[in-house]
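Notes follow once the structure below has been shown.
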Amino acid sequence: MTLGPHKDSENQAESGPLPMAPRLPAPKDAGPTPTVPAPTQEQIAKQPWMHKLTPGEKPPQFVLFSFDGAVSKPHWDKVLPIAKAKNAHVTGLLSGVYMLSEQDSTQYQPPAGLARGSSDISFGGTRQDITARIGYLNQVIADGHEIGTHYNGHFCSGSTTQPSVDKWNTAAWNAELDEFRKILDRSRAAGLNLPQSAIRGGRTPCLEGIWDQAFPAMAAHGLVYDTSKVALGVQWPSVQNGLYEFPMPEVKVPGLGKQVVMMDYNLWFSLNGAKDQPERAADFTQIVFDTYKSVHQAALNSNRAPIVVGNHFNEWNGSAFSNAMEQFLEYVCDKPETVCATYTEVIQWMQLQDPVVLDQLRKMPPARN
Numbered sequence: 007m008t009l010g011p012h013k014d015s016e017n018q019a020e021s022g023p024l025p026m027a028p029r030l031p032a033p034k035d036a037g038p039t040p041t042v043p044a045p046t047q048e049q050i051a052k053q054p055w056m057h058k059l060t061p062g063e064k065p066p067q068f069v070l071f072s073f074d075g076a077v078s079k080p081h082w083d084k085v086l087p088i089a090k091a092k093n094a095h096v097t098g099l100l101s102g103v104y105m106l107s108e109q110d111s112t113q114y115q116p117p118a119g120l121a122r123g124s125s126d127i128s129f130g131g132t133r134q135d136i137t138a139r140i141g142y143l144n145q146v147i148a149d150g151h152e153i154g155t156h157y158n159g160h161f162c163s164g165s166t167t168q169p170s171v172d173k174w175n176t177a178a179w180n181a182e183l184d185e186f187r188k189i190l191d192r193s194r195a196a197g198l199n200l201p202q203s204a205i206r207g208g209r210t211p212c213l214e215g216i217w218d219q220a221f222p223a224m225a226a227h228g229l230v231y232d233t234s235k236v237a238l239g240v241q242w243p244s245v246q247n248g249l250y251e252f253p254m255p256e257v258k259v260p261g262l263g264k265q266v267v268m269m270d271y272n273l274w275f276s277l278n279g280a281k282d283q284p285e286r287a288a289d290f291t292q293i294v295f296d297t298y299k300s301v302h303q304a305a306l307n308s309n310r311a312p313i314v315v316g317n318h319f320n321e322w323n324g325s326a327f328s329n330a331m332e333q334f335l336e337y338v339c340d341k342p343e344t345v346c347a348t349y350t351e352v353i354q355w356m357q358l359q360d361p362v363v364l365d366q367l368r369k370m371p372p373a374r375n
């Protein structure tokens with residue numbers, strides 16, 4: 007299946023592009039285990055699950071809600087109150103070009119010989135839009151949510167813009183991450199409360215990349231995790247080329263009886279070929295919500311591996327998938343032994359554990375619903 011950028015979206019900076027799910031070889035080299043700052047005493051006081059497991063104690067069932075693009079205010083306005091009520095934290099994976107106005111687009115120099123100011127997704131609108139975006143993203147950060155990277159121009163294999171990210175070498179990834187840093191430097195100068203050190207990981211466009219080329223650039227830029235690879239079932243993150251990999255799980259959709267990568271667009275494609283049928287929105291929402299619940303129950307009852315819930319802020323098919331995500335966020339985050347956390351928080355928790363215990367968890371079979 008080959009999917010290019012979503013050219014028909016009314017506002018790409020709101021909904022984002024479409025992902026793919028290639029199965030590419032994992033890096034063979036584990037490399038050094040990366041680290042993040044230890045949790046503060048205040049954080050530990052607010053998060054009683056943030057402790058070393060006692061003998062026989064099971065890990066929390068972590069759920070990682072992550073949003074590619076991550077700049078839509080209407081969607082943050084829905085997510086933030088639910089998250090606050092349920093003591094949940096989520097992760098927004100920011101597309102850098104959404105922090106550049108259209109008139110400032112030439113400030114972005116894509117890598118690999120691509121033309122300055124080019125992007126397969128839109129830029130961020132007007133300068134006034136950028137100012138407003140900085141304001142509400144500061145609220146997201148103040149509420150304890152994480153911002154990571156979805157890189158910049160979103161050049162995927164199905165696009166006419168080439169070379170796409172699935173062909174980039176380490177130098178190209180280094181250049182793309184340098185550009186992301188430059189864009190954030192400008193945003194910080196304009197008031198964004200997001201230090202560079204807070205950007206600890208991301209998801210590649212369309213889940214694509216040559217990992218042995220991409221991961222060294224990520225590690226060199228201070229990233230400690232990636233969440234782009236696809237794995238069968240829900241698996242514990244492992245260290246690959248110096249980064250924690252939190253794979254996107256391929257799960258069973260009970261309403262269809264087939265395996266699908268648990269990303270909103272992939273679920274839509276599995277349901278009706280990604281055709282817009284808003285009259286079926288309620289049915290699609292229920293099928294996706296039931297899938298999420300089934301995966302949570304399977305992981306909770308088996309290996310307790312963190313569940314990656316991948317989404318875009320979108321209105322696809324009558325907002326069926328955003329509605330399912332919001333319902334699941336409200337449903338799951340205060341369930342017993344369940345914690346909705348950021349990637350950094352999960353890594354902080356793992357750093358507190360005995361390495362032998364983590365090895366045992368990773369050796370458990372993937373959770374399959």
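Numbering-wise (my numbering), the sequence shown opens with residue 7 and increments by one. A virtual CB, placed ideally from N, CA and C, is assigned to each residue, including glycine.
{"Item": "Expected contact under 8 Å - CB spacing of Ser163 and Asp172 to nearest Å", "Value": "5 Å"}
{"Item": "Check whether Pro117 and Ala177 have beta carbons under 9 Å apart", "Value": "yes"}
{"Item": "Among Gln303, Gln354, Asp282 and Thr210, nearest to Gly75 - alpha-carbon criterion", "Value": "Thr210"}
{"Item": "Straight-line gap, Ile140 to Gly62 (C-alpha atoms, nearest Å)", "Value": "45 Å"}
{"Item": "Cut-off 7 Å between Cβ atoms - residues of its own chain near Trp355, not counting five sequence neighbours on either side", "Value": "Met56"}
{"Item": "Own chain partners of Leu249 with C-beta closer than 7 Å, once the 5 adjacent residues on each side are dropped", "Value": "Pro40, Phe221, Met224, Ala225, Leu229, Val230, Tyr231 and Asp232"}
{"Item": "Ser300 (DSSP reduced to helix, strand or coil)", "Value": "helix"}
{"Item": "CB of Leu190 within 9 Å of CB of Met269, strictly", "Value": "no"}
{"Item": "Cβ-Cβ distance between Gly215 and Trp274 below 9 Å", "Value": "no"}
{"Item": "Beta-carbon proximity check, Leu70 vs Cys339, cutoff 9 Å", "Value": "no"}
{"Item": "Beta-carbon proximity of Ile50 to Leu335, cut-off 9 Å", "Value": "no"}
{"Item": "Contact check, Gly154 vs Val103, beta carbons under 9 Å", "Value": "no"}
{"Item": "Short Cβ contact (9 Å threshold) for Gln246 with Glu256", "Value": "no"}
{"Item": "Limits of the unbroken alpha helix (DSSP H) element including Glu48", "Value": "Gln47 to Lys52"}
{"Item": "Coarse secondary structure for His160, derived from DSSP in three states", "Value": "coil"}
{"Item": "Beta carbon of Phe319 nearer than 9 Å to that of Ser78", "Value": "yes"}
{"Item": "C-alpha gap between Ala280 and Arg133, whole angstroms", "Value": "33 Å"}
{"Item": "Buried or exposed (CB count within 10 angstroms, at least 16 for buried), Leu306", "Value": "buried"}
{"Item": "Alpha-carbon spacing of Thr238 relative to Phe295, whole angstroms", "Value": "The identity of residue 238 in the sequence shown is Leu, whereas the question assumes Thr. Approximately 19 Å between the Cα atoms of the pair."}
{"Item": "Contact check, Gln241 vs Arg122, beta carbons under 9 Å", "Value": "no"}
{"Item": "Buried or exposed (CB count within 10 angstroms, at least 16 for buried), Val314", "Value": "buried"}
{"Item": "Nearest neighbour of Gln283, chosen from Lys258, Pro260, Trp322 and Ile293 [CA to CA]", "Value": "Trp322"}
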